[in-house]
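Undergrad: When we follow this note's numbering, the leftmost residue of the sequence shown carries the number 127, and every step to the right adds one.
Quick reminder that beta carbons are idealized off the backbone N, C-alpha and C, glycines included.
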Amino acid sequence: MQKIKLPFHIVQLQMENNPDIITTPVLDNGVLWVNIPAPMMAGKFADSYQDKLLDKGEYNTLLDYYIQGDFEQKSVKVSFKASKSQIAFRNLEVTFDYFVQTHNQGFWAIVPALGVEAFTTEVTEIESVVQESIRLDFMRKQRLNLLQDVISTLWFETAVLHTEALDLRTYTPSEIASLQEEKKKELLPKVAQKISIDKTALFGYQKELTQLADIVTGRYNKNVLIVGRSGVGKSTLVWELVHQRKRFKLTPNIWETTASTLIKELSGNVGWQENLTLLCKELTHRGDILFVRNLLELFEVGQYQGNNVSIADYLREYIARGEVLIISECTDEEFARIEARSPNYINNFQVIQLSEPKDSVELESIILQKVESIAHTEKIVLEQEAIKETIRLNKRYTPYSGFPGKPIRFLESILIGSKAKQKRMLQQKQRYVLNRTEVIQSFCEETGMPTFMVDPSIPMDLPSVAEFFRRNVFGQNHAVGILVDILASVKTALLRQGKPIASMLFVGPTGVGKTEMAKVLAQFMFGSRDKMIRFDMSEYSTPYAVARLTGESYFSDGLLTSAVRREPFCVLLFDELEKAHPLFNDLLLQILGEGRLTDSQGKVVNFCSSIIIMTSNIGAKKLQNNDIGWVEDKTEQREAEHFTNEVRRYFRPEIFNRMDQVVPFYSLTKDVVRFVVERELEIFKKREGLLHRNLELTLSSSLYDFLCTTGYNPKYGARALQRTLREVLIIPLAQQLNQYAFDEKLVIEVDIQEGQLVLDIEADPLKLELMLEELTQNEYMDFASQLRQNIVQLFEGKFYVRLLSELDILKRSKRKNSKRFWANETKALEYTNFLALEDKFEKHRKIVEDYELEMALTSMGLGALNTVIYTQMEQWERDYFKLKLELYGMLREDKGGLYLGIYGQHVKHLLKYYIEICKEKDFEWTARTVWYNEATYNEMMEVENEESAIVLRKKSCQYHKKTFSLEDKNRWKPEQGKQHKDDILVGVELLINGLGATIYFDEEGGWHRIITSDNKHKYWVQSSIKEQKTPEEVHRKSFFQKNKKVRRTYSPTHLEDVVYKSPKRELRPADQLGHLIKILDQLFNKKLDGLLF
């Protein structure tokens, strides 16, 4: 093996108004990297080049990358003349950076932004050769068709050349064969990834880093187990060791993998045990270190029926003998499980305890350094208060997430989410500042918590909070008061940390609002009622069911732990707590006391960001049966004391003392039931069966009174009212609605008369009219959207872009020398016309956007129907078409007219159709008749060959042509005189001028036929923007007798055109012209849009 160094030239291009830097090799512009240093790119290129080519013996490619000498940086200006169409662009000049290298044979130049190369032998020709190469590149890639394609080449601001050295290796043929054979057998690259860290990954923890380095580079046991909370920096410690390998003189490579990757890649036809043996031998031979993420997972993979040995157990002897070097990590909980599962296994490792920094200053410093290293630009300012606020919020709500990992990830997510804002401020030459306010705002958006609950500087309006709960839960003012007091304590951070935000037991009779209060609390604290996670504790009345909450085995998720892990900021409701098995109380102790719970996989689940609500009916039965000795004096104070005493007797003291508050709920009174009835009926009206049905429902006040009376039951609370509502109203109404079609308009009145429900249902007589009105409304809604989309497409089309480009050029010219600009009448007029047209288009866009918004609001029932808008939209469409024509007329390439030739007998029959069309579309036309004169047609003429020698004589085949005018009475007669008296009329040739005439008639060519009552006439029509020669032999019958398919047929009964795909349609002759114009208009619109878009 021989080592060589190869000079490698790299260009870094700084993008304009963007912090990103593009890095590319000089000799391979197909390789692009973003925001990577030149030395790093050289290293990655060398690794790839070595692996793909040199290790296979392909050394001839070395000459392609070997360049001697230095480069000199220069710039060149390239001018392009305006395009002939004047649409793509006018005269322009662009500047490119290029690099020149001097050789013995000449001078080699390269333009990095385009990947263009040039070579010349004369130093004076360098610039001209580069210019010519750029022009050829523009022509080859058709960049001059549109101005946007030219601008796309100017994407960089500066170019900087770097020269690095590639460290490469060459081998003899025998070494290459051995190397390839070894690569085929290698397992390590398949099961793990070699760690390569190019920048600092760890900040702080220098003592632990030195300890890890000393162990790995020492003489004794080199296997290391890093123990610490999730997020404290265990993996980062290993990465930083790799980053500082030169400092610690670390020779072996470190490979990173996971248990799942190992079992996936090692499992094969021979089983994972044999492959793992080979892997251990390979690690021993290499002397490298294997870094396994999460040691506990190694104990859970590899076992199957008939084999109880896991990968961790299999590796035990290799680790104990020191044959393989392992670095792994786990949490404290996982450490205890490993020790319990396999005693003394940990003795094979040297343990490094990694804990979060105790000093707040050190913690803030670590977070600040890490976040600043994550930011890609130095123009980001991170305030110290933002870091302190992040630490405070995370310690309060996620204390069991390792520090500093959790705060760093939170701040990183803010930086990533604000990239658009950073870019906008960078363009405005302002610095992006991440401050305390933005941290709080991001935290509230992530959790759903109201800002005033998170930000200590914002006071909490306690009366408003109490009113919010009273509006949603009726008749429980005492419970609302207690709840508001708890929230005030949470707001002021007076409650102990390291536990749930709050824990409360709602106790009271059934149907009084306990569950509803929990839902309202979820809406208040976390922004949505869906943020409440409910567990019906009657389902967990057995030990096995309780085990399901944390997971039955390592491979199953716990119902409770997984739900809280997915939604950590929530209200956690344990409904009917007294029905759970007593084993659940042990889980409850951990949740209420420390705000944490360990699942079956040994992972800690955080409950400190949750509010724990427990509901119970303990003591309700005794209260309702008057077993406590009361008769009529059940005051609220006595009820509260009763429930508190019953709860104290039922729960163990350690459970009762960990509850923040026992909140009693009282039985509902008749006065409160009225409010409940009103709310339930409002909810009933919003149910899917009524909300999505076309009906009007009116409920009488007597129905409300009847439900209050019959639905009130102090024993069953509001649930008795729901049962009464279902029996009295819902079921009878459902039976009646089933007798009508779903889309039928109904008017329903509900009343109570003599204690009986009376339903008066009437089908709406205006149903059909309303349905038709709704259909028309939807059609015009689609019409408005279509119009807006059309004008948006036009704004992106080449004609409108050209208009803006021309206008911009004129504006710059005006700013440069206003006096000279206005003195040029042509430019001034063009500028005025362009500006006026742009203003018209902008006004039209605003109008159609207003139309669409109004129609959308009407469709959603948020606005009244205005039928006048239909006429306005149709008029808008007509005006918009005129604007498109005006735009086309200003910038079109074809300034001439269209030549239309009509040939055949009785040509005046077909001519009248085209004259009427021109009259309808305001097109101007001139015409001449075509006559066959035998002498003129057969006149002999001399023909010259390419050498201008006269070689033969032939007929001229020319026709006589006469000016045609509708005012000329003799227009269909030959010219007077002996020479032309026998001329035969064979056709008419028209020149049609007008805005859009060239595209209106450009597809009219082909065979036409007119059928009359006594004859059939066939015509040949040809159309072109250039004047064409009259077809030869058009005066002979044989010309028209050729068996060619007719494209259009006019007959007394129908009109048909196969080219325009217009089917045969029965039409009177008087209606045929209007139908033909309609077809031509539709095609014209499509062709015009195709040109403009």
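Using a Cβ-Cβ cutoff of less than 6 Å, which residues in the same chain neighbour Val427 once the five nearest sequence positions on both sides are dropped?
TA: Residue numbering aside, residue 427 sits at position 301 when the sequence shown is read from its first letter. Answer for Val427: Ala385, Ile389 and Ile437, listed in chain order.
Undergrad: Strictly by DSSP, which residues pair up with Tyr1025?
TA: Here the question's residue 1025 lines up with position 899 in the sequence shown. Looking at the DSSP assignment, Tyr1025 forms a beta bridge with Leu1117 and Ser1150.
Undergrad: If distances are taken between C-alpha atoms only, which option among Ala208, Leu132, Thr150 and Gln138 comes closest to Thr187?
TA: Taking the sequence shown and counting its residues from 1, the one referred to as residue 187 is at position 61. Among Ala208, Leu132, Thr150 and Gln138, the Cα nearest to that of Thr187 is on Leu132.
Undergrad: Compare the C-alpha of Glu875 against each of Leu823, Ile856, Gln476 and Leu180 and name the closest.
TA: If you number the sequence shown from 1, residue 875 lands on position 749. Minimum Cα distance to Glu875 is reached at Leu823.
Undergrad: Whose C-alpha, out of Trp398, Gln332 and Gln429, is nearest the C-alpha of Val317?
TA: Translated into positions along the sequence shown, residue 317 becomes position 191. The candidate whose alpha carbon is nearest that of Val317 is Trp398.
Undergrad: Rounded to a whole number of angstroms, what is the C-alpha to C-alpha distance between Val237 and Val157?
TA: Position 111 of the sequence shown holds residue 237. Position 31 of the sequence shown holds residue 157. Computed Cα separation, rounded: 15 Å.
Undergrad: Would you call Lys1204 buried or exposed, if buried means 16 or more other Cβ atoms sit within 10 Å of its Cβ?
TA: Counting from one through the sequence shown, the residue named residue 1204 turns up at place 1078. By the 10 Å Cβ count, Lys1204 comes out exposed.
Undergrad: Compare the C-alpha of Lys1081 against each of Leu714, Val918, Ala462 and Ala1061 and name the closest.
TA: The sequence position of residue 1081 within the sequence shown is 955, counting from 1. Measuring from the Cα of Lys1081, the nearest candidate turns out to be Ala1061.
Undergrad: What would DSSP say about Asn916, mapped onto helix, strand or coil?
TA: Sequence index remark: in the sequence shown, residue 916 carries index 790 (1-based). Helix at Asn916.
Undergrad: By a C-beta neighbour count over all protein chains shown, 10 Å radius and 16 as the cutoff for buried, is Gly120 buried or exposed?
TA: The structure shown does not extend to residue 120, since the chain is modelled only from 127 through 1219, so no value can be given for it.
Undergrad: With a CB to CB cut of under 8 Å and the five nearest residues on each side skipped, what residues in its chain are close to Ile136?
TA: On the sequence shown, position 10 is the one that residue 136 refers to. Correct list, in chain order: Thr149, Thr150, Pro151, Val152, Ala164, Met167, Ala168, Leu287, His288, Thr289 and Glu290.
Undergrad: Kindly give me the distance between the Cβ atoms of Leu1121 and Leu920, rounded to whole angstroms, as I take these residues to be in contact under 8 Å.
TA: Mapped onto the sequence shown, residue 1121 falls at position 995. Mapped onto the sequence shown, residue 920 falls at position 794. Not confirmed; about 17 Å, so no contact.
Undergrad: What residues are listed by DSSP as bridge partners for His135?
TA: By 1-based counting over the sequence shown, the position of residue 135 is 9. In DSSP, His135 forms a bridge with Thr289.
Undergrad: What did DSSP end up calling Met986 once you bin it into helix, strand or coil?
TA: Position 860 of the sequence shown, counted from the first residue, corresponds to residue 986. Coil.
Undergrad: What residue ranges within the segment 529–597 form continuous beta strand (DSSP E) runs of no fewer than 3 residues, ordered along the chain?
TA: The segment 529–597 contains these whole beta strand (DSSP E) runs: 558–560.
Undergrad: Just the Cα atoms here: how many angstroms apart are Gly359 and Phe569?
TA: Position 233 of the sequence shown, counting from 1, holds the residue named residue 359. Position 443 of the sequence shown, counting from 1, holds the residue named residue 569. Cα to Cα, Gly359 sits roughly 23 Å from Phe569.
Undergrad: DSSP beta-bridge partners for Met1067?
TA: Here the question's residue 1067 lines up with position 941 in the sequence shown. Paired residue(s): Lys1080.
Undergrad: Can you name the residues that DSSP bridges to Arg1054?
TA: Counted from its first residue, the sequence shown places residue 1054 at position 928. Answer is Thr1089 and Glu1115.
Undergrad: Expressed to the nearest angstrom, what Euclidean distance is found between the alpha-carbon atoms of Gly607 and Val690?
TA: Your numbering for residue 607 matches position 481 in the sequence shown. Your numbering for residue 690 matches position 564 in the sequence shown. C-alpha separation (whole angstroms): 28 Å.
Undergrad: Let me know the secondary structure DSSP gives Gly397 once reduced to three states.
TA: Within the sequence shown, the letter at position 271 stands for residue 397. Coil, per DSSP.
Undergrad: Could you tell me the alpha carbon to alpha carbon distance between Asp759 and Gln848, rounded to whole angstroms?
TA: Taking the sequence shown and counting its residues from 1, one reaches residue 759 at position 633. Taking the sequence shown and counting its residues from 1, one reaches residue 848 at position 722. Because Asp759 carries a pLDDT of 49, less than 50, the predicted location of this residue cannot be relied on, and no value is offered for it.
Undergrad: DSSP puts Gln319 in a beta bridge; with which residues?
TA: By one-based count along the sequence shown, residue 319 stands at place 193. For Gln319, which the question treats as bridged, DSSP gives the partners Glu382.
Undergrad: Taking the Cβ atom as the reference point for each residue, do Phe1210 and Asn1119 lie within a distance shorter than 8 Å?
TA: Taking the sequence shown and counting its residues from 1, one reaches residue 1210 at position 1084. Taking the sequence shown and counting its residues from 1, one reaches residue 1119 at position 993. No; because the gap between Cβ atoms is not below 8 Å, this pair is not in contact.
Undergrad: Would you call Phe681 buried or exposed, if buried means 16 or more other Cβ atoms sit within 10 Å of its Cβ?
TA: By 1-based counting over the sequence shown, the position of residue 681 is 555. Exposed, because fewer than 16 other Cβ atoms sit within 10 Å of the Cβ of Phe681.
Undergrad: Any idea if Ile260 is buried or exposed, counting beta-carbon neighbours within 10 angstroms, 16 or more meaning buried?
TA: Working through the sequence shown from its first residue, we reach residue 260 at position 134. Ile260 should be labelled buried.
Undergrad: Ends of the alpha helix (DSSP H) at Asp439?
TA: To locate residue 439, count along the sequence shown from 1; it is residue 313. Ile437 to Ala446 is the extent of the alpha helix (DSSP H) around Asp439.
Undergrad: If you compare alpha carbons, which of Val633, Gln548, Glu693 and Phe374 is closest to Ala746?
TA: Numbered from its first residue, the sequence shown carries residue 746 at position 620. Checked all of Val633, Gln548, Glu693 and Phe374; the closest Cα to Ala746 is Val633.
Undergrad: Could you name the residues of the same chain whose beta carbon sits closer than 7 Å to that of Thr835, not counting the 5 residues immediately before and after it, in chain order?
TA: Position 709 of the sequence shown, counted from the start, is the residue given in the question as residue 835. Closer than 7 Å at Cβ, skipping near neighbours: no residue.
Undergrad: Are there three or more Cβ pairs, one per stretch, closer than 8 Å when the segment 953–968 is compared with the segment 994–1012?
TA: Yes: the two stretches touch, three or more of their Cβ pairs being nearer than 8 Å.
Undergrad: Report yes if the CB atom of Phe652 is closer than 8 Å to the CB atom of Phe695, and no otherwise.
TA: For the purposes of this step, residue 652 is identified with residue 526 of the sequence shown, where counting begins at 1. For the purposes of this step, residue 695 is identified with residue 569 of the sequence shown, where counting begins at 1. In this structure, Phe695 lies closer than 8 Å to Phe652 by Cβ.
Undergrad: So for Asp108, helix, strand or coil by DSSP?
TA: Nothing in the structure corresponds to residue 108, since the chain is present only between 127 and 1219.
Undergrad: Thinking C-beta only, is Met630 closer than 8 Å to Ile659?
TA: In the sequence shown, counting from the first residue as 1, residue 659 sits at position 533. In the sequence shown, counting from the first residue as 1, residue 630 sits at position 504. No.
Undergrad: Work out the CA separation of Gln431 and Asn474 for me, nearest whole Å.
TA: Locating residue 474 in the sequence shown gives position 348, counting from the first residue. Locating residue 431 in the sequence shown gives position 305, counting from the first residue. Roughly 28 Å separates the two Cα atoms.
Undergrad: Using DSSP with H/G/I as helix, E/B as strand and the rest coil, what is Asp683?
TA: The residue you call residue 683 lines up with position 557 of the sequence shown. Asp683: coil per DSSP, three-state reduction.
Undergrad: What does the Cβ neighbour count give for Ala466, buried or exposed, with the cut at 16 atoms within 10 Å?
TA: Sequence index remark: in the sequence shown, residue 466 carries index 340 (1-based). Classification for Ala466: exposed.
Undergrad: Find the nearest neighbour of Ile648 within the set Lys1107, Lys484 and Asn598, judged by alpha-carbon distance.
TA: Here residue 648 corresponds to residue number 522 of the sequence shown, with the count starting at 1. Here the sequence assigns Ala to residue 648, which means Ile is not the residue at that position. With distances taken between Cα atoms, Ala648 lies closest to Asn598.
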